[in-house]
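A.B. asks: Numbering (our numbering), first residue to last: 18 to 323.
Idealized CB from N, CA, C, for every residue including glycine.
My structure is below; once you've seen it, I'll send some questions.
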């Protein structure tokens with residue numbers, strides 16, 4: 018994911034969620050709907066999420082220094098983890114609490130048609146945000162499923178926005194169902210049930226994102242396809258015979274560290290070895306652009322290498 022592409026999806030989500038949050042709070046104040054209030058809190062959390070993702074991108078762009086010689090790229094992972102751990106979790110806990118309270122103590126809605134109109138408008142805005150994220154993600158997803166893209170992407174922002182927008186759309190449908198059933202049946206318990214369902218949905222999304230972002234934060238290596246490409250391009254068969262040992266780690270969404278021991282053909286001079294290493298690095302970077310930091314160590318191939 019390019020920083021620009023990710024930023025476009027984030028800004029679209031931020032704009033949509035900010036407008037939706039204001040509309041939902043107005044609707045909640047007019048109708049007294051717990052589902053609407055839970056969705057308003059959800060939208061505030063989503064808007065804050067986008068702000069944190071943009072802050073993470075800005076912090077990640079800092080130049081490397083003596084304290085952080087490999088740069089600040091993992092800031093994007095850290096702020097995405099904060100989004101999952103704090104804001105989604107808080108939104109989930111609030112909605113679950115409010116839903117249980119409204120189920121135990123149902124309150125009649127006033128002007129439910131206002132809530133329905135606002136929810137329909139919100140669904141339209143969230144659909145725009147979701148389609149923007151889908152459009153930005155599709156070139157990176159390739160032929161993989163959306164679930165696999167979320168699980169394997171080394172860039173955190175688009176998976177976060179995709180899950181966030183999916184949760185928002187489903188949450189809006191649940192809120193719409195809660196308000197509609199309350200209006201049709203005259204039983205306000207449905208509003209509480211819709212609120213509880215929204216809270217549980219947010220909780221599931223929070224768990225998925227926490228797991229994925231924690232894995233990225235502590236350091237993930239190359240994908241299987243990238244690993245194969247690196248190995249294939251390190252060895253040229255003429256000077257570098259084989260890859261003895263390879264380790265990779267993403268230093269940030271668009272920067273990978275590659276460290277490898279490689280075996281050279283016998284009797285190569287120092288100049289030839291240096292040229293072979295430079296050529297191997299160029300091949301790897303052409304095949305896997307994220308492989309920006311590469312360290313190659315000449316070694317002898319043994320049956321059991323260290």
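Quick one, which of 220, 205, 203 has its alpha-carbon nearest residue 111's?
C.D. replies: Selected option, being the one with the closest Cα: 220.
A.B. asks: Please classify residue 289: is it buried, with 16 or more other beta-carbons within 10 angstroms of its beta-carbon, or exposed?
C.D. replies: With fewer than 16 other Cβ atoms within 10 Å, it is exposed.
A.B. asks: So, helix, strand or coil for residue 274, using DSSP?
C.D. replies: Correct three-state label for residue 274: strand.
A.B. asks: From which residue to which residue does the beta strand (DSSP E) around residue 315 run?
C.D. replies: Start and end: 310-316.
A.B. asks: Let me know the secondary structure DSSP gives residue 90 once reduced to three states.
C.D. replies: In the structure shown, residue 90 sits in coil (DSSP, three-state: anything other than H, G, I, E or B).
A.B. asks: Excluding sequence positions up to five away, which residues of its chain have a Cβ less than 7 Å from the Cβ of residue 20?
C.D. replies: Any reading at residue 20 needs caution, since the residue's pLDDT is 43, under 50, leaving its predicted position unreliable; the model's value is listed next. The answer, listed in chain order, is 74.
A.B. asks: Taking the continuous beta strand (DSSP E) assigned at residue 3, which residues delimit it?
C.D. replies: Here the chain covers residues 18 to 323 and nothing more, so residue 3 does not appear.
A.B. asks: What whole-angstrom Cβ distance do residue 188 and residue 80 have, given they're in contact under 8 Å?
C.D. replies: Actually they do not touch by this definition, with Cβ atoms about 40 Å apart.
A.B. asks: Specify the secondary structure class of residue 256 as computed by DSSP and reduced to three states.
C.D. replies: If DSSP states are grouped into helix, strand and coil, residue 256 belongs with coil.
A.B. asks: Enumerate in chain order the residues of its own chain whose CB-to-CB distance from residue 60 is below 7 Å, with the five nearest sequence positions on each side excluded.
C.D. replies: Excluding sequence neighbours, residue 60 sits near 34, 37, 38, 41.
A.B. asks: Grab the span of the alpha helix (DSSP H) containing residue 154 for me, first residue to last.
C.D. replies: Unbroken alpha helix (DSSP H) run through residue 154: 129-158.
A.B. asks: Between the Cα of residue 306 and the Cα atoms of 204, 169, 250, 98, which residue gives the shortest distance?
C.D. replies: Nearest of 204, 169, 250, 98 to residue 306, Cα basis: 250.
A.B. asks: Counting Cβ pairs closer than 8 Å, one from the region 118-125 and one from the region 204-212, do we hit at least three?
C.D. replies: Judged by Cβ distances under 8 Å, the region 118-125 makes contact with the region 204-212, as three or more pairs qualify.
A.B. asks: At the level of alpha carbons, what is the spacing between residue 67 and residue 101?
C.D. replies: Their Cα atoms are separated by approximately 12 Å.
A.B. asks: Along the alpha helix (DSSP H) that carries residue 82, what are the first and last residues, could you check?
C.D. replies: No alpha helix (DSSP H) contains residue 82, which DSSP labels as neither H nor E.
A.B. asks: When you compare only the Cα positions, how much space is there between residue 272 and residue 71?
C.D. replies: If I take the Cα positions, the gap works out to 18 Å.
A.B. asks: Any idea if residue 131 is buried or exposed, counting beta-carbon neighbours within 10 angstroms, 16 or more meaning buried?
C.D. replies: Result: buried.
A.B. asks: Quick one: residues in its chain with C-beta nearer than 6 Å to the C-beta of residue 215, no 5 flanking neighbours on either side, listed in chain order?
C.D. replies: So the qualifying residues of the chain are 55, 112, 188, 191.
A.B. asks: Starting from the Cα of residue 86, find the closest Cα among 315, 314, 310 and give me that residue.
C.D. replies: Ranking the options by Cα distance to residue 86, first place goes to 310.
A.B. asks: Look up residue 199 in the DSSP assignment and say whether it is helix, strand or coil.
C.D. replies: Residue 199: helix per DSSP, three-state reduction.
A.B. asks: Here's the rule: buried if 16 or more other CB atoms are within 10 angstroms of the residue's CB, otherwise exposed. What is residue 137?
C.D. replies: By the neighbour-count rule (16 or more Cβ atoms within 10 Å), residue 137 is not buried but exposed.
A.B. asks: Taking C-beta to C-beta, are residue 248 and residue 280 nearer than 7 Å?
C.D. replies: Not in contact: residue 248 and residue 280 (Cβ atoms no closer than 7 Å).
A.B. asks: With a threshold of 16 other CB atoms inside 10 Å of the CB of residue 254, please say whether the residue is buried or exposed.
C.D. replies: The residue is exposed, with fewer than 16 neighbouring Cβ atoms inside 10 Å.
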